[in-house]
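> Below is a structure I'd like to ask you about.
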Amino acid sequence: MILEYINPNNLKEKIDIEFTTKTSSDWININSSNKLEFIKKFLPAYYSGQRLIVFDSKHKHLLKFHEDNNINKFENIKEVNFNSKILFFTSGSSGFPVGAFKTKENLEGEVQVLRRLLKDYNIKRVVVTVPFVHIYGILVGLLFPMSLDGVKMVIKDDFLPYELLEEASFNDTLVVTTPVFIKALSKLNTNNKLTSSLFISSTGPLHVDDATIFENKFETNLLQLFGSTETGGIAYKFGKKIKWTSLDNVRISIKDDKLNVISPFVSLFLLNKKILKIENSFTTEDIIEIDEDKFTLIGRSNKIIKIAGKRISAVQIESILETLPEVNKAIIELVYKKELLRSEQIIIILEASSKVDKKIIQQSIRKCYDTLTIPFIIKYVDKIDYSAMGKKIIF
1 MILEYINPNN LKEKIDIEFT TKTSSDWINI NSSNKLEFIK KFLPAYYSGQ
51 RLIVFDSKHK HLLKFHEDNN INKFENIKEV NFNSKILFFT SGSSGFPVGA
101 FKTKENLEGE VQVLRRLLKD YNIKRVVVTV PFVHIYGILV GLLFPMSLDG
151 VKMVIKDDFL PYELLEEASF NDTLVVTTPV FIKALSKLNT NNKLTSSLFI
201 SSTGPLHVDD ATIFENKFET NLLQLFGSTE TGGIAYKFGK KIKWTSLDNV
251 RISIKDDKLN VISPFVSLFL LNKKILKIEN SFTTEDIIEI DEDKFTLIGR
301 SNKIIKIAGK RISAVQIESI LETLPEVNKA IIELVYKKEL LRSEQIIIIL
351 EASSKVDKKI IQQSIRKCYD TLTIPFIIKY VDKIDYSAMG KKIIF
């Protein structure tokens with residue numbers, strides 16, 4: 001692999017990696033937010049067999065956790081050490097981040113599945129926008145390109161949408177990115193045709209309308225991956241499809257209305273204040289409907305509201321509202337209050353150029369949910385931003 005780094009002055013540098021490194025039997029931290037420094041530390045350590053803890057140093061609670069705790073001294077760590085090599089953490093969007101221990105077999109098995117999935121694409125360049133502290137960044141943004149022969153990998157700490165479009169315009173380019181960039185690229189005033197490029201998006205499913213607009217605008221291919229830190233990859237879908245297809249070797253079922261996964265990519269051990277062993281399968285917080293060998297993702301259990309017997313996805317409503325010209329970004333919060341006449345209610349939080357008439361919001365929601373009445377209140381904020389992995393944050 002040829003590594004090309006775009007520095008803060010927008011100059012491209014060819015980078016050589018020194019693969020000789022000292023190793024120890026302990027778990028060591030790699031938490032650089034700079035992509036180039038991360039790669040220089042990670043690759044030699046990973047291929048030498050060093051046990052690695054990967055996390056975002058900007059996450060203050062997680063940083064304090066590592067300062068206050070020595071993972072090498074946790075109870076049951078010897079059992080974990082038998083074959084685990086990397087400890088990743090979830091984003092912590094629904095609480096304190098959970099750690100997931102991964103074996104090399106977890107990671108490299110999934111890389112081989114991705115290679116088979118993309119065998120018909122002639123990938124010569126890989127452009128990566130995602131940070132490497134997340135399992136998706138390591139798997140698809142780093143280990144997958146490393147498995148390909150003679151590819152050039154292009155990284156930059158912070159791409160702007162038009163810069164990413166320029167890099168994606170080279171023939172046979174794979175872009176590893178997130179829904180945030182897919183939406184941002186769709187808004188650019190350009191007619192670039194990216195027919196030989198492939199975009200991979202993860203960290204959250206795109207609304208089908210967003211995927212359709214993107215593919216039609218650029219005449220390109222979009223692959224969405226679905227999974228979690230704990231489970232690894234679960235499923236995929238191309239373009240405008242609604243249903244997800246399980247990745248090779250992944251078996252899914254429904255347990256207590258939630259997605260249950262049996263897979264060689266699932267972590268054997270988790271870290272949630274203490275080390276926990278996972279037995280046989282892992283149940284996520286995702287609500288799905290299975291149809292033969294495929295499934296429809298309804299949404300996260302904590303982002304689903306049930307009204308008149310119908311499940312409503314908060315993420316879907318956010319996407320609907322973000323099509324309104326006044327709305328830059330939207331966040332939906334679900335509220336359950338027994339004292340309300342209708343116990344379910346949604347709070348709509350908007351970053352908008354001007355206030356939006358409540359009737360317009362009602363009409364927009366009803367286009368998707370017919371005559372269904374959803375009680376809601378609206379709050380306006382100055383800024384809604386995104387974390388490094390594309391999770392919305394209110395400022």
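Here the sequence shown is numbered in our numbering, starting from 1 and rising by one per residue. Ideal Cβ placement from N, Cα and C applies to all residues, glycine included.
1) Can you list, in chain order, the stretches of the alpha helix (DSSP H) that have 4 or more residues and sit fully within the segment 12-81?
2) CB-CB under 6 Å to serine 450, same chain, minus the five flanking residues each way: which ones, in chain order?
3) Does the distance from the C-beta atom of isoleucine 234 to that of phenylalanine 226 stay below 7 Å?
4) Glutamine 112 to glycine 239, Cα distance in whole Å?
5) Determine the burial state of arginine 116: buried for a count of at least 16 other Cβ atoms within 10 Å of its Cβ, exposed for fewer.
6) Is serine 147 helix, strand or coil by DSSP?
7) How big is the Cα-Cα spacing for tyrosine 136 and serine 202?
8) As a quick exercise: from Phe170, Val176 and Glu215, pick the residue whose alpha carbon is nearest that of lysine 187.
9) Here's the rule I'm using: 16 or more other beta-carbon atoms within 10 Å means buried, otherwise exposed. How should histidine 59 be labelled?
10) Should leucine 11 go down as buried or exposed, given a rule of 16 or more other Cβ atoms within 10 Å for buried?
11) Going straight from the alpha carbon of phenylalanine 376 to that of glutamine 363, what length do you get?
12) Less than 7 Å between the C-beta atoms of alanine 352 and glutamate 326, yes or no?
13) Below 8 Å on the Cβ atoms is my guess for leucine 206 versus isoleucine 182; work out the distance and round it to an integer in Å.
14) Out of curiosity, what's the CA-to-CA distance linking leucine 118 and serine 354?
15) For the segment 136-205, list the beta strand (DSSP E) runs that are entirely contained and at least 3 residues long, ordered along the chain.
16) Using C-beta distances below 6 Å, list every residue in its chain close to leucine 397, excluding the 5 sequence neighbours before and after it, in chain order.
17) Could you pull the start and end residues of the beta strand (DSSP E) that phenylalanine 4 belongs to?
18) Mapping the DSSP letters down to three states, classify threonine 212 as helix, strand or coil.
19) In three-state DSSP terms, what is leucine 247?
20) Tell me the DSSP secondary structure of glycine 239 in three-state form.
21) Using C-beta distances below 6 Å, list every residue in its chain close to threonine 231, excluding the 5 sequence neighbours before and after it, in chain order.
22) Distance check for tyrosine 47 and leucine 340, CA to CA, integer angstroms please.
23) Would you please state the rounded distance, in angstroms, between the beta carbons of leucine 165 and leucine 185? I believe it to be under 8 Å.
24) Give me the residue from Leu268, Asn249, Ile304 and Asn272 with the minimum Cα distance to glutamate 285.
25) Which residues does DSSP pair with serine 346 in a beta bridge?
26) What's the gap between the Cα of arginine 342 and the Cα of tyrosine 386?
27) For leucine 225, which of helix, strand or coil comes out of DSSP?
28) Nearest to isoleucine 365 by CA position, among Asp382, Asp68, Ile346 and Tyr380, is which residue?
29) Measure the alpha-carbon distance for lysine 217 versus glutamate 279 and round it to whole angstroms.
30) Taking all protein chains shown into account, decide if threonine 190 is buried (16 or more other Cβ within 10 angstroms of its Cβ) or exposed.
31) Which of helix, strand or coil does DSSP assign to phenylalanine 96?
32) Between the C-alpha atoms of glutamate 75 and histidine 61, what's the straight-line distance to the nearest angstrom?
33) To the nearest angstrom, how far is the alpha carbon of tryptophan 27 from that of isoleucine 378?
According to the structure shown:
1) Qualifying alpha helix (DSSP H) stretches, in chain order: 35-48, 60-68 and 77-81.
2) Since the first residue shown for the chain is 1 and the last is 395, residue 450 is missing from the structure and cannot be characterised.
3) Position 234 of the sequence shown, counted from the start, is the residue given in the question as residue 234. Position 226 of the sequence shown, counted from the start, is the residue given in the question as residue 226. For isoleucine 234 and phenylalanine 226, yes; Cβs fall inside 7 Å.
4) As a position in the sequence shown, residue 112 is number 112, starting the count at 1. As a position in the sequence shown, residue 239 is number 239, starting the count at 1. Straight-line measurement puts the Cα of glycine 239 at about 22 Å from the Cα of glutamine 112.
5) Along the sequence shown, one-based indexing puts residue 116 at 116. Exposed, since its Cβ has fewer than 16 Cβ neighbours within 10 Å.
6) Locating residue 147 in the sequence shown gives position 147, where the first residue counts as 1. Of the three classes helix, strand and coil, the one that applies to serine 147 here is helix, per DSSP.
7) Taking the first residue of the sequence shown as position 1, residue 136 is located at position 136. Taking the first residue of the sequence shown as position 1, residue 202 is located at position 202. Computed Cα separation, rounded: 7 Å.
8) In the sequence shown, the residue the question calls residue 187 occupies position 187. Looking at the Cα atoms, Glu215 is the closest of the given residues.
9) The residue given as residue 59 occupies position 59 in the sequence shown. It counts as buried.
10) Stepping through the sequence shown from its first residue, residue 11 is reached at position 11. Answer is exposed; the Cβ neighbour count stays below 16.
11) Here residue 376 is taken as the residue at index 376 of the sequence shown, counted from 1. Here residue 363 is taken as the residue at index 363 of the sequence shown, counted from 1. Those two C-alpha atoms are separated by around 13 Å.
12) One-based indexing of the sequence shown puts residue 352 at position 352. One-based indexing of the sequence shown puts residue 326 at position 326. Yes.
13) As a working note, residue 206 is residue 206 in the sequence shown. As a working note, residue 182 is residue 182 in the sequence shown. Contact annotation, leucine 206 with isoleucine 182: C-beta distance approximately 6 Å; criterion of less than 8 Å satisfied.
14) Along the sequence shown, one-based indexing puts residue 118 at 118. Along the sequence shown, one-based indexing puts residue 354 at 354. Whole-angstrom Cα-Cα distance: 44 Å.
15) Listed in chain order, they are 152-156, 173-177 and 198-201.
16) Nothing can be reported for residue 397, as the shown portion of the chain is limited to 1 through 395.
17) Here residue 4 refers to the residue found at position 4 of the sequence shown. First, the residue type needs correcting, since residue 4 is glutamate and not phenylalanine in the sequence shown. Membership of glutamate 4 in the beta strand (DSSP E) is indicated by the continuous run 2-6.
18) Working through the sequence shown from its first residue, we reach residue 212 at position 212. Correct three-state label for threonine 212: helix.
19) Here residue 247 refers to the residue found at position 247 of the sequence shown. Of the three classes helix, strand and coil, the one that applies to leucine 247 here is coil, per DSSP.
20) Working through the sequence shown from its first residue, we reach residue 239 at position 239. Looking at glycine 239 - three-state DSSP - the assignment turns out to be coil, as it is neither helix nor strand.
21) By one-based count along the sequence shown, residue 231 stands at place 231. Answer for threonine 231: Val261, Val266 and Phe282, listed in chain order.
22) On the sequence shown, residue 340 is found 340 positions in, with the first residue counted as 1. On the sequence shown, residue 47 is found 47 positions in, with the first residue counted as 1. With a pLDDT of 48 at leucine 340, under the threshold of 50, the predicted position of this residue should be treated as unreliable, and no value is reported.
23) Residue numbering aside, residue 165 sits at position 165 when the sequence shown is read from its first letter. Residue numbering aside, residue 185 sits at position 185 when the sequence shown is read from its first letter. Between leucine 185 and leucine 165 the Cβ distance is about 6 Å, and since that is below 8 Å, they are a contact.
24) Position 285 of the sequence shown, counting from 1, holds the residue named residue 285. Closest by C-alpha distance to glutamate 285, out of Leu268, Asn249, Ile304 and Asn272, is Ile304.
25) Residue 346 sits at position 346 when you count from the first residue of the sequence shown. Looking at the sequence provided, one finds isoleucine at residue 346 rather than serine. Answer is Leu334 and Phe376.
26) Locating residue 342 in the sequence shown gives position 342, where the first residue counts as 1. Locating residue 386 in the sequence shown gives position 386, where the first residue counts as 1. Here arginine 342 scores only 48 on pLDDT, less than 50, and its place in the model should not be relied on; the value that follows carries that caveat. Each residue's alpha carbon lies about 32 Å from the other.
27) On the sequence shown, position 225 is the one that residue 225 refers to. The answer is strand: DSSP assigns leucine 225 an E or B state.
28) Residue numbering aside, residue 365 sits at position 365 when the sequence shown is read from its first letter. Nearest C-alpha to isoleucine 365 among Asp382, Asp68, Ile346 and Tyr380: Ile346.
29) Taking the first residue of the sequence shown as position 1, residue 217 is located at position 217. Taking the first residue of the sequence shown as position 1, residue 279 is located at position 279. Roughly 45 Å between the two C-alpha positions.
30) Working through the sequence shown from its first residue, we reach residue 190 at position 190. By the 10 Å Cβ count, threonine 190 comes out exposed.
31) As a position in the sequence shown, residue 96 is number 96, starting the count at 1. If DSSP states are grouped into helix, strand and coil, phenylalanine 96 belongs with coil.
32) On the sequence shown, residue 75 is found 75 positions in, with the first residue counted as 1. On the sequence shown, residue 61 is found 61 positions in, with the first residue counted as 1. C-alpha separation (whole angstroms): 22 Å.
33) Numbered from 1 along the sequence shown, position 27 holds the residue referred to as residue 27. Numbered from 1 along the sequence shown, position 378 holds the residue referred to as residue 378. In this structure, the straight-line span from the alpha carbon of tryptophan 27 to that of isoleucine 378 is close to 47 Å.
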